[in-house]
Each structure stands twice: as structure tokens, then as C-alpha cells.
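The sequence shown begins at 0 in numbering that gives the first Met the number 0 and counts up one residue at a time. Don't be surprised by glycine CBs; every beta carbon is placed ideally from N, CA and C. To start, the structure itself, in C-alpha cells.
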Amino acid sequence: MLYNRYMKLRIAFIIGVSLVVGLVEAGISLFLPNQYTAKGLLVVIRKADEPNKDVFTYEGNYAQQNAGSYTGTFLAILQSPTNLATAEPGVNVKKLSRLVKAKREGSQAVGLNVKSDSADQAKNLWLKISKSAIKTHEELKPTGDPLISVITTPGSPVVLKTYPDWQTVFGAGFAFCVIILSTIILIIRYLKEEHDN
């Protein structure tokens, strides 16, 4: 009888502490900044010159190589402080640069991720930054290769939650705490029984 009461108290303790831990974690997850991330892809392409029908050329391969080489340049334009300041005037560029991540995704593509507090803000900021970089590219085009273009892939950007929902965070925190506390209690009980013997 005493053993059953003792076990009920331990179970109540485990569940109580786990509930508190789960609720605290869920509460914290609701107040994390930049809850949404807009993700999209920009592709650098180069139109091949019209081939001479009398002579075999490597124009298609050359066009692909040029586009691949220019992708790094476009990535630098996209991430530049000048582009960020142009896309979102009046905002601290240093803070904005922490919310924007761009990286090369293959030979001719650049992935752009933009975080913000709301789904609409993330999407709008993604569109502003990408359009500003494409505009800069168009302005520089006459001095470089006029056949290179940058386009956004259809459906870009897609907006996703940056962090799991609070229910998931609560469930994970609760379950983790139950497992840890149960393990600790079992180890203590085992060591106590070994000591008593």
C-alpha cells in the first residue's frame, strides 16, 4: 500500500514537472522572432547565339558556361548591402543582412531565404530583394553579356514556418522530460536497492 502511494507520488511529480517544462518551451516558442521564412530560387540563363547552320559550334555549351560563371556575380549582387538598402530603404542594413541568406544552388541557380515576423512580410521582402537585384543586373547588362538573364522560378517564394508549432514543441518537451525524469528515478531506485543489499 505504501509502495503504491510512493509510485503515485513519483508519477504525479514526473507529469507535473513535465507539464511545466512543456508549457514553458511552448510559451518561449510563441515569442521567438522571425516566425516565417520565404524561400525561392533565382536562375541565371544565357540565350545561345543563333548557330551557323554550315559549321558545328559549341554555342549551347558556351551559353551554359557563361551563365554558370555569372551566377557567382549575381549572388554577390543579391547579398550586397547596396541591394539590401535599395530593396528596403530606411532599414538597418546590418540587421536586414541577418535575415537574408543566399547561396548557390547548382551551377546556374541561387537560393534566397528571407525571414520575418509574418508570412506576408517575408514574402514581400523576398520579392523586393530579388527584384532589386534583377534590376541591378539589367542595368549592368549592356556592359557585360547582353544575352544573360535572371529569372525567378514559378511559384517563388514559398513561405514556411521557421519553427515548429507550439503544440509540437510542447509535446516534444513533455515527452523528453518524462523520459529523463523516469530514467533518473529508476537509476536512483536501482542504486538505492544495490546499496541496501
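| query | result |
| --- | --- |
| CA-to-CA distance, residue 174 to residue 143, given in whole angstroms | 58 Å |
| For residue 105, the three-state DSSP class (helix, strand or coil) | coil |
| Per-residue burial, residue 81 [other beta carbons within 10 Å of its own, 16 or more giving buried] | exposed |
| Short Cβ contact (9 Å threshold) for residue 41 with residue 151 | yes |
| Residue 90 - DSSP class collapsed to helix/strand/coil | coil |
| Residue 10 versus residue 179 - alpha carbon distance | 13 Å |
| From 160, 24, 139 and 140, residue whose alpha carbon lies closest to that of residue 120 | 160 |
| Backbone CA spacing between residue 140 and residue 36 [nearest angstrom] | 30 Å |
| Whole-number beta carbon distance between residue 96 and residue 111, since they are thought to touch under 8 Å | In fact, because the Cβ distance is near 13 Å, the residues do not count as touching under 8 Å. |
| Residues near residue 92 in its chain [Cβ-Cβ closer than 6 Å; skip 5 each side] | 80, 83 and 84 |
| As assigned by DSSP and simplified to three states, the class of residue 162 | coil |
| Range of the contiguous alpha helix (DSSP H) that encloses residue 124 | 118 to 139 |
| Nearest-angstrom Cβ-Cβ length linking residue 133 and residue 149, presumed shorter than 8 Å | 5 Å |
| Close-in-space but distant-in-sequence residues of the same chain around residue 122 (CB under 7 Å, 5 per side omitted) | 37, 156 and 158 |
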